Amino acid sequence: MPNDPVANSLNQQIMQRDVNVLWHPCTQMKDHEKLPLIPIRRGDGIWLEDFDGNRYLDAISSWWVNLFGHANPRTNRAVKEQLDNLEHVILAGFSHEPAITLAERLVALTPPGLSRCFFTDNGSSGVEVTLKMSFHYWQNVGKPKKKRFVTLANSYHGETLAALSVGDVDLYKSTYKPLLMDVFTAPSPDAFHREPGESEEAYARRQFEKMRSILANNHEEICAVIVEPLVQCAGNMRMYHPVYLKLLREACDRYNVHLIADEIAVGFGRTGTLFACEQAGIRPDFMALSKGLTGGYLPLCAVLTTDEIYQAFYDDYNTMRAFLHSHSFTGNPLACAAALATLDIFETDNVIEENRILSAHMSKALERFIDHPHVADVRQHGMIAAVEMVKDKKTRTAYDWQERRGLRVYQHALSRGALLRPLGNVTYFMPPYIITPEQIDFLADVAWEGIQIATRD
Ligand SMILES: *Cc1c(COP(=O)(O)O)cnc(C)c1O
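Residues 3 to 459 (this note's numbering) make up the sequence shown, in order.
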């Protein structure tokens, strides 16, 4: 039988070698005394295959990065071709065509007004760049009092110290609080908390009032507001109405504060448009893109910004206004080649249009969860859909986190050949765009069974 533990299987042998030397991300390693670790031998489209020959449908795009499947022939070809020409070169003083072409194409694709592209090598470092650039801009234009940032409750922007400072997921943040900078935290527009009968838009407008007063009262010391447009992914896939972004753009203009759009997770079609900001018709001052940027192949982050910000750094060297920030692998050519192949696929395959059919199918497949006695909320923005389990549907009382009910969904899904990795009590789908309607139905069945098992007692 597939997906059953086999004594002394290849999986187990490799796992033993693994736990002897590896320290895994976001993991209590002791869990692996009981919970098998799954070594993957190969990826093929939406499937991952382990060393015992079991296959898993990758419903979470390998941590939200993969867009067009594993070992995608077109991306593979592009990376292999690049490999034979140039694997890497310093990007200070030197340049290369993949970085130039990618910057040109990102400038053309992102909202008008974003005209400069700065590369880093992962999402967190890209977030750090947006924070440093914003602060430094205000220094350069003679506003040295601007030193603080505003973030939303329940937000996530990465794990390095400044990125963690502007995030608000306690699970990752609370231990390190003594090390972090002090930020203003505005309540989230997260529609989960709206009153019965209240529309998502009305709730977003209501929640915005606190943000407005933070800006009105403190704008002289505020550099920027940072948000994840439309979906707070690591914050349990909570979602909000685009009007919030519109109001925020207006207020940032009014109070002379930058708006940073962290589209690291939601960019490249996840919310139904190429970028989530498009749904609010806004242009941020900084936009950070990563994860799907390379189709999920290689680490890379692009920070897009405006000419106005760029010009505040542009001066004679001796004025010391330059942005002297770098990472060794900045703009790596292999990563840029993967990103260019990704943009090619968007261009030739009409991906955003085709995804509408898939996301409509996803919402139909999830309809039956709405009345489940232990489901409080079924929500979706484009190609991201989430089902939230609760102990009490009426009062929306959450299950105790120590019960780790999401883990039961995870384990059930593995036994059925699917990689679903709930966030707490929230089971979600964020699949590669090559998923088929039949595979969506299969995932919905697996999630249903998993939630039945997880809520049994
Ligand atoms: C994943 C993520 C990051 C951090 O990116 P890494 O590449 O993991 O450092 C930042 N912001 C958001 C919204 C993310 O989802």
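Heads up, the beta-carbon is just placed ideally off N, CA and C, and yes, glycines get one too.
Predicted, not measured: the structure shown is a model, and the values here were computed from it.
If you ignore the 5 residues before and after Q18, its C-beta comes within less than 8 Å of no other C-beta in its own chain.
The DSSP-derived three-state label of T457 is coil. Shown here, Y58 sits in a strand according to DSSP, grouped into three states. F325 and Y139 have their C-alpha atoms roughly 9 Å apart.
Inter-residue distance for K148 and S136 is about 9 Å (C-alpha atoms, whole angstroms). Nearest Cα to T332 within the set A101, H376, L37 and L88: A101. Between I228 and F151 a beta carbon distance of about 6 Å is seen, short of the 8 Å cut, so the two are scored as contacting. For the pair A420 and V377, the CB atoms are not nearer than the 8 Å cut-off. Between the region 251-262 and the region 279-289 there are three or more C-beta pairs closer than 8 Å, enough to call the two in contact. When the five nearest sequence neighbours on each side are left out, the beta carbons in the same chain lying within less than 6 Å of the beta carbon of P191 are those of A206, Q209, Y242 and Y246, in order along the chain. Here L181 has L163 as same chain residues with Cβ atoms under 8 Å from its own Cβ, once five neighbours each way along the sequence are excluded.
A residue is called buried when at least 16 other Cβ atoms come within 10 angstroms of its Cβ; N320 does not meet this threshold and is exposed.
When the five nearest sequence neighbours on each side are left out, the beta carbons in the same chain lying within less than 6 Å of the beta carbon of M432 are those of I62, S63, W66 and I386, in order along the chain. Note on S97: under 16 other CB atoms within 10 angstroms of its CB, so exposed under the neighbour-count rule. Nearest to Q454 by alpha-carbon distance, out of E83, M183, E440 and Q413, is Q413.
Distance from the Cα of S417 is smallest, within the candidate group R406, L425 and L445, for L445.
Straight across, the Cα-Cα distance linking K393 with D443 is about 26 Å. Here the region 305-314 makes no contact with the region 390-407; the two share fewer than three CB pairs at distances below 8 Å. By the Cβ test, the region 290-306 is in contact with the region 120-130, since at least three Cβ pairs between them sit closer than 8 Å.
With a threshold of 7 Å, the Cβ atom of I102 does not count as near ligand 1, since no heavy atom of the ligand is closer than that. Inclusion of E230 in the 7 Å shell around ligand 1 follows from its C-beta lying nearer than that to a non-hydrogen atom of the ligand.
Remark: the shortest separation between the CB of D170 and any heavy atom of ligand 1 does not fall under 7 Å. Counting only runs that start and end inside the region 346-379, there is no beta strand (DSSP E) element of at least 3 residues.
In this chain, I224 is not harboured by any alpha helix (DSSP H); it is covered by the beta strand (DSSP E) spanning I224 to V229. According to DSSP, residue pairing for M241 in a beta bridge involves V233.
If you draw a straight line from the Cα of R358 to the Cα of Q84, it comes to about 33 Å. Distance from the C-beta of I266 to the nearest heavy atom of ligand 1 is below 7 Å. As the crow flies, the alpha-carbon of S176 is around 33 Å from that of H374. The beta-carbon distance between G237 and L69, rounded to whole angstroms, is 22 Å. This is too long to meet the 8 Å contact definition. The DSSP assignment places 186-188 as complete runs of the beta strand (DSSP E) inside the region 159-206, in order along the chain (cut-off: 3 residues). Under the three-state reduction of DSSP, M385 is assigned to coil, being neither helix nor strand.
Rounded to the nearest whole angstrom, the C-alpha separation of E99 and C119 is 14 Å. When DSSP states are grouped into helix, strand and coil, F137 belongs to the helix group. Put simply, the backbone Cα of D33 is about 37 Å away from that of S328. Taken through DSSP and simplified to helix, strand or coil, S63 comes out as helix.
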